[in-house]
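Peer 1:
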Amino acid sequence: MVAAVVVAALVAVAVVGSRRRALREKFGPEYDRVVAEQDSRSAGERELRERERRHAELELRPLSPEARAGYAEQWAQVQTRFVDTPEEAVRAGDELVTRLVGEIGYPTGNYDDQVATLSVEHAATLGRYRDAHAIFLRAERGEASTEQLRQALVHYRALFAELLGDEPVPAAEPEREAAHRAPEPDAAPEPDAQSRPEPAPESRPEPAPRAHPDGRPVIRPDNQSAPR
């Protein structure tokens, strides 16, 4: 009897350990975050299993190639806008990510619910999305620096590209300055070999004019002037 109880206890411990490892592998850093927010490890793991249940009830829809290409183009426009208006670019980035999340089938009405359901399949990039959204909220209060705004757009891109898949989004980071500048007046580009002018032919000194027997100089025909 005692042996059976011990075996049952060992099996229960093994099952709990297996489920815990599975949750850790699936949620990654989100596992530690949720457990830290709850009263106990068991409570945190119940929250993660509840997220899995809610996620299973969603009707997620794959994007068409046309929709994916459209979102990629819109993201390129957001990055271009950052050059002149970084605050507006971050706001547009936040809105674009939210719209993409909703079109796929995730809830968008409540930010916490949205993040919770995203964590089931996108836990690896969820931390960056949280950081981006936090900077976005600071920017709305006028408290974000240009560098923070740049980081926000980079963080948004991580989740955005993962949702679209196959890296359809340009990887270049937004810059405060234009990507291509006109050359400075004192730094003109070197002409290539084909466009360089041919060197002038080497000139040789004209031979000295000969003199008449009486000592007068000889006038060449092309320089001869009318007689006086």
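Start counting the sequence shown at -14; every next residue gets the next number (my numbering). Note that CB positions come from ideal geometry on N, CA and C, so glycine has one too. Note that the structure is a prediction, hence the values are computed from the model and not measured.
When we look at the beta-carbon of Arg34 and count the other beta-carbons within 10 Å, is it buried (16 or more) or exposed?
Peer 2: Exposed.
Peer 1: In the DSSP assignment, the alpha helix (DSSP H) including Pro50 goes from what residue to what residue?
Peer 2: It spans 50 to 66 - the alpha helix (DSSP H) in which Pro50 sits, taken as one unbroken run.
Peer 1: Quick one: Cα of Ile120 to Cα of Gln59, how far?
Peer 2: Approximately 21 Å, taken between the alpha carbons.
Peer 1: Compare the beta carbon distance of Ala117 and Tyr141 with 8 Å and say whether it is the shorter of the two.
Peer 2: Going by C-beta atoms, Ala117 is nearer than 8 Å to Tyr141.
Peer 1: Do Ala109 and Gly13 have their CB atoms nearer than 8 Å?
Peer 2: Result yes, Cβ atoms of Ala109 and Gly13 sit closer than 8 Å.
Peer 1: Measuring straight from C-alpha to C-alpha, what distance separates Leu134 and Glu80?
Peer 2: Computed Cα separation, rounded: 15 Å.
Peer 1: Quick test of your reading: Arg36 and Thr93, contact by CB under 8 Å. State the CB separation rounded to the nearest angstrom.
Peer 2: In fact, because the Cβ distance is near 16 Å, the residues do not count as touching under 8 Å.
Peer 1: Buried or exposed for Leu43, please, with buried defined as at least 16 other CB atoms from any protein chain shown within 10 angstroms of its CB.
Peer 2: When all chains shown are included, Leu43 counts as exposed.
Peer 1: Based on Cα-Cα distance, which residue from Glu128, Thr83, Ser130, Gly127 lies nearest to Arg115?
Peer 2: When only C-alpha atoms are compared, the closest one is Thr83.
Peer 1: Could you give the distance in angstroms between the alpha-carbon of Glu106 and the alpha-carbon of Ile89?
Peer 2: Approximately 13 Å between the Cα atoms of the pair.
Peer 1: Note the first and the last residue of the continuous alpha helix (DSSP H) segment covering Asp98.
Peer 2: Here the alpha helix (DSSP H) through Asp98 covers 96 to 125.
Peer 1: Please classify Leu148 as buried or exposed, where buried requires at least 16 other C-beta atoms within 10 Å of its C-beta.
Peer 2: With 16 or more Cβ atoms within 10 Å of its Cβ, Leu148 is classed as buried.
Peer 1: Would Leu138 and Gly78 qualify as a contact pair, given that the criterion is a beta-carbon distance under 8 Å?
Peer 2: Cβ atoms of Leu138 and Gly78: closer than 8 Å.
Peer 1: State the Cα-Cα distance for the pair Arg38 and Asn95, rounded to the nearest angstrom.
Peer 2: So the alpha carbons of these two residues sit roughly 18 Å apart.
Peer 1: Helix, strand or coil, according to DSSP, for Pro170 in the structure here?
Peer 2: The predicted model places Pro170 with a pLDDT of 41, which falls under 50 and marks its position as unreliable; any figure quoted below should be read in that light. Of the three classes helix, strand and coil, the one that applies to Pro170 here is coil, per DSSP.
Peer 1: Assign Leu231 to one of two classes, buried (16 or more other C-beta atoms within 10 Å of its C-beta) or exposed (fewer than that).
Peer 2: Nothing in the structure corresponds to residue 231, since the chain is present only between -14 and 213.
Peer 1: Just the C-alpha distance for Ala129 and Pro47, rounded to the nearest angstrom, thanks.
Peer 2: Roughly 35 Å separates the two Cα atoms.
Peer 1: Select from Leu122, Glu132, Leu111 the residue whose C-alpha is nearest the C-alpha of Ala146.
Peer 2: Checked all of Leu122, Glu132, Leu111; the closest Cα to Ala146 is Leu111.
Peer 1: Thinking C-beta only, is Glu30 closer than 8 Å to Arg66?
Peer 2: No, they are not a contact pair.
Peer 1: Take the Cβ of Gln64 as the centre, count every other Cβ of all protein chains shown within 10 Å, and call the residue buried at 16 or more, exposed below.
Peer 2: Looking at its Cβ environment, which holds 16 or more other Cβ atoms inside 10 Å, Gln64 is buried.
Peer 1: Can the beta-carbon of Thr131 be found less than 8 Å from the beta-carbon of Pro50?
Peer 2: No, these two residues do not count as a Cβ contact at 8 Å.
Peer 1: By a C-beta neighbour count over all protein chains shown, 10 Å radius and 16 as the cutoff for buried, is Glu15 buried or exposed?
Peer 2: So Glu15 counts as buried.
Peer 1: Could you name the residues of the same chain whose beta carbon sits closer than 8 Å to that of Gly87, not counting the 5 residues immediately before and after it, in chain order?
Peer 2: Closer than 8 Å at Cβ, skipping near neighbours: Thr93.
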